[in-house]
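According to the numbering used here, the sequence shown is numbered sequentially starting from 11.
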Amino acid sequence: MNILEIIAKKRDNKILTKEEINYFIKNYTKGNITDYQAAALIMAIYINGMNYEEITDFTLAMANSGEILDLSELGMVIDKHSTGGIGDKITLILMPIIASLGIPAAKMSGRGLGFTGGTVDKLESIPGYDTNIDIEKFINNVKNIGISLMGQTLNLAPADKKIYALRDTISCVESIPLIASSIMSKKIAAGAEKIVLEVTVGSGAFMKNIEDATELSKTMIGIGNLAKKETVCILTNMNEPIGYSIGNALEVIEAVEALNGKMSEDVKEIVLELGSYMIKLAGKGDNIEKNKELIMENINNKKALQKFKELVKNQGGDVSYIDDTSKFERAKFVLPVVSDKEGYIKSMDNQKIGYISSGLGAGRLKKEDKINNKVGIIINKKIGDKVTSKEILAYIHSDDYEVGIKAVNDLRECFEISDEYIQKQKHILGIIK
Ligand code: URA
């Protein structure tokens, strides 16, 4: 067996065997296969797809390429993952809620890349918060206070890490077999018993329509079943950012406000839907509507906020920033984006909004880019909102005036304004079990 034969087979739209997939994953992870050969194979997979058996073999080979974590000593751990989005601070709000309800919250998160943000970067905007802890500390934190959120410091699914970075550089991210195997290999390696997946759909997501998102969900649920990890997918709307902030510290501030009970409608709906399925999978309540009440109760009585503060303190963060979010350092310039038209917001180019935020320094356009936690965007108007000319659509938070002004002009173009009445968007687009 050699890599040239494997590339040629997929190029010619043939089905790869388990042995061929294992050979590729093992040797690419070890560095025996070059990036250009791997790129050729990944592009062939992107174009010709993989059948269900190939996807499963690809997932398991990537999961087994590094360590497999065993979290069974913590009880029923439910993992949560999003397929990526703009302004997605749901993990920061949801995991403390889950922990406050007595369900172990042990989650490893990633960093942002391209137009999407990452939870680890957001957590690191809290001064002192250490995402780089070892696995013993991670497990002990969950045993002691019921929650730990960390970065991917362990050697989990290293094949996915390599292949994901490669896909990002060769325009091969938006592929159902590749996304499904990437996410599920990490979830299998991360050791949770059951999984709730937020599958984002729309202009700021990898899946642009419901049909593709449904196929991706069914594929991931199938892999989850095979790995004996019950999986539920919640389809969420990514035609506009989630909530109103984009950028690391800005999103932490919004998450703290949410835990204080001040939530925008979309954040609330997504938190309630994902959270109530996590409670159900944990065996703590079969009635989804009742579970939503449990969540609201722990927001209103501040138990979830208290848990977030415990988490921050336990991982070295300065809790005074959570008590008083005005302590977060602000960007030098806060520049309004003013509407030049009257009407209703019809659509937003959400992917472009993500890129504008990354361009300000809130995310990485290249892996080595350094993050600026202070910068980002505050959205003032969302789809369906009425706007008069001269009204403020958003604010740009920038540390550089020129960059900020360019972002103001670029962001204005992301808003499509119509003369006709436009309905507000639905936030939960479907649930697939
Ligand atoms: N998130 C992942 O972890 N992998 C993908 O391929 C896409 C989104």
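Virtual Cβ for every residue (Gly too), placed ideally from N, Cα, C.
Quick caveat: nothing in here was measured; it's all calculated off a predicted structure.
Terminal residues of the alpha helix (DSSP H) in which residue i lies
{"i": "residue 148", "result": "145–155"}
{"i": "residue 278", "result": "275–291"}
{"i": "residue 424", "result": "411–424"}
{"i": "residue 34", "result": "28–40"}
{"i": "residue 129", "result": "129–133"}
{"i": "residue 331", "result": "330–333"}
Assigned secondary structure, residue i (DSSP; H/G/I helix, E/B strand, else coil)
{"i": "residue 166", "result": "strand"}
{"i": "residue 295", "result": "coil"}
{"i": "residue 191", "result": "helix"}
{"i": "residue 139", "result": "coil"}
{"i": "residue 8", "result": "Examination of residue 8 is not possible in this model, given that the chain is present from 11 through 443 alone."}
{"i": "residue 262", "result": "helix"}
{"i": "residue 158", "result": "strand"}
{"i": "residue 85", "result": "coil"}
{"i": "residue 272", "result": "coil"}
{"i": "residue 105", "result": "helix"}
{"i": "residue 217", "result": "strand"}
{"i": "residue 59", "result": "coil"}
{"i": "residue 231", "result": "helix"}
{"i": "residue 176", "result": "helix"}
{"i": "residue 382", "result": "coil"}
Span of the beta strand (DSSP E), counted from its first residue to its last, around residue i
{"i": "residue 11", "result": "Here residue 11 belongs to no beta strand (DSSP E), and DSSP marks it neither H nor E."}
{"i": "residue 89", "result": "88–92"}
{"i": "residue 115", "result": "115–119"}
{"i": "residue 358", "result": "353–358"}
{"i": "residue 439", "result": "438–442"}
{"i": "residue 204", "result": "204–211"}
{"i": "residue 247", "result": "241–247"}
Cα-Cα separation between residue i and residue j, rounded to whole angstroms
{"i": "residue 77", "j": "residue 398", "result": "56 Å"}
{"i": "residue 254", "j": "residue 25", "result": "45 Å"}
{"i": "residue 422", "j": "residue 139", "result": "35 Å"}
{"i": "residue 55", "j": "residue 198", "result": "22 Å"}
{"i": "residue 31", "j": "residue 13", "result": "10 Å"}
{"i": "residue 317", "j": "residue 94", "result": "25 Å"}
{"i": "residue 379", "j": "residue 122", "result": "11 Å"}
{"i": "residue 83", "j": "residue 113", "result": "13 Å"}
{"i": "residue 269", "j": "residue 129", "result": "16 Å"}
{"i": "residue 116", "j": "residue 238", "result": "19 Å"}
{"i": "residue 276", "j": "residue 440", "result": "14 Å"}
{"i": "residue 147", "j": "residue 160", "result": "10 Å"}
{"i": "residue 58", "j": "residue 108", "result": "40 Å"}
{"i": "residue 297", "j": "residue 88", "result": "17 Å"}
{"i": "residue 293", "j": "residue 133", "result": "29 Å"}
{"i": "residue 366", "j": "residue 169", "result": "30 Å"}
Closest residue to residue i among the options (Cα-Cα distance)
{"i": "residue 369", "options": "384, 156, 392", "result": "384"}
{"i": "residue 111", "options": "175, 221, 311, 147", "result": "311"}
{"i": "residue 323", "options": "235, 416, 141, 372", "result": "141"}
{"i": "residue 153", "options": "211, 81, 89", "result": "81"}
{"i": "residue 426", "options": "437, 416, 391, 442", "result": "391"}
{"i": "residue 137", "options": "325, 416, 364", "result": "325"}
Inset, instruction - Report yes or no: do the segment 79–98 and the segment 295–310 share at least 3 C-beta pairs separated by less than 8 Å? - result: no
Legend entry - the segment 287–298 / the segment 237–244 touching (three or more Cβ pairs under 8 Å): yes
Inset, instruction - Report yes or no: do the segment 334–343 and the segment 403–412 share at least 3 C-beta pairs separated by less than 8 Å? - result: yes
Legend entry - Any 3 or more C-beta pairs closer than 8 Å across the segment 185–202 and the segment 219–228: yes
Inset, instruction - Determine, using beta-carbon pairs with one atom in the segment 203–210 and one in the segment 150–169, whether at least three such pairs fall under 8 Å. - result: no
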